[in-house]
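Enquirer: Here the sequence shown stands for residues 1 to 97, numbered as in UniProt numbering.
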Amino acid sequence: MSEMITKNHALVVEFGDSLDRLLDGIENFMANSRPILGGERFLTDKEVSARLKVSRRTLQDYRNNGIIAYYQLGGKILYKESDIERMLAANYREAFR
1 MSEMITKNHA LVVEFGDSLD RLLDGIENFM ANSRPILGGE RFLTDKEVSA
51 RLKVSRRTLQ DYRNNGIIAY YQLGGKILYK ESDIERMLAA NYREAFR
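If you want it as structure tokens, here you go:
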């Protein structure tokens, strides 16, 4: 049991790899996590346009025509995530073939 453990030892390498995976997971969580306000998540127009695959100008048309609910704080537009999901569900059309 007099084996010397160096940085190239299998256990040390495996431990380092585990730490790297853990760090990647934490960074991914932090990048995709948004603070919750009153139990509700809010999205920016950039995030909503990316999720819906529409331009930000199209979102403006949706707002102007009353198609999508939103909050405006100064020049910032925010959308409730639940409102977006509800709008998508309400506009779902079943395949007829």
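For each residue, glycine too, the CB sits at the ideal point set by N, CA and C.
Where does Phe15 sit, in a helix, a strand or coil, going by DSSP?
Expert: Helix at Phe15.
Enquirer: Nearest-angstrom Cα distance between Gly16 and Ala31?
Expert: Answer to the nearest angstrom: the Cα atoms are 22 Å apart.
Enquirer: Please list, in chain order, all residues of the same chain as Leu11 whose beta carbon is under 8 Å from its beta carbon, the five residues on each side excluded.
Expert: Ile5
Enquirer: Below 8 Å on the Cβ atoms is my contact criterion, and I expect Arg47 with Lys80 to pass it. Report the Cβ-Cβ distance as a whole number of Å.
Expert: Looking at the sequence shown, residue 47 is not Arg but Glu. Going by Cβ atoms, the distance from Glu47 to Lys80 rounds to 12 Å, so no, they are not a contact pair.
Enquirer: What whole-angstrom Cβ distance do Leu88 and Thr44 have, given they're in contact under 8 Å?
Expert: Actually they are not in contact, since the Cβ atoms of Leu88 and Thr44 sit about 18 Å apart, beyond 8 Å.
Enquirer: Could you check what DSSP says for Glu40 in three-state terms: helix, strand or coil?
Expert: strand
Enquirer: Based on DSSP bridge pairs, tell me the residues matched to Gln72.
Expert: Secondary-structure assignment with DSSP links Gln72 through a beta bridge to Ile77.
Enquirer: Taking the continuous alpha helix (DSSP H) assigned at Lys7, which residues delimit it?
Expert: That residue, Lys7, is in no alpha helix (DSSP H); it is neither H nor E in DSSP.
Enquirer: So what does DSSP say about Val48, is it helix, strand or coil?
Expert: helix
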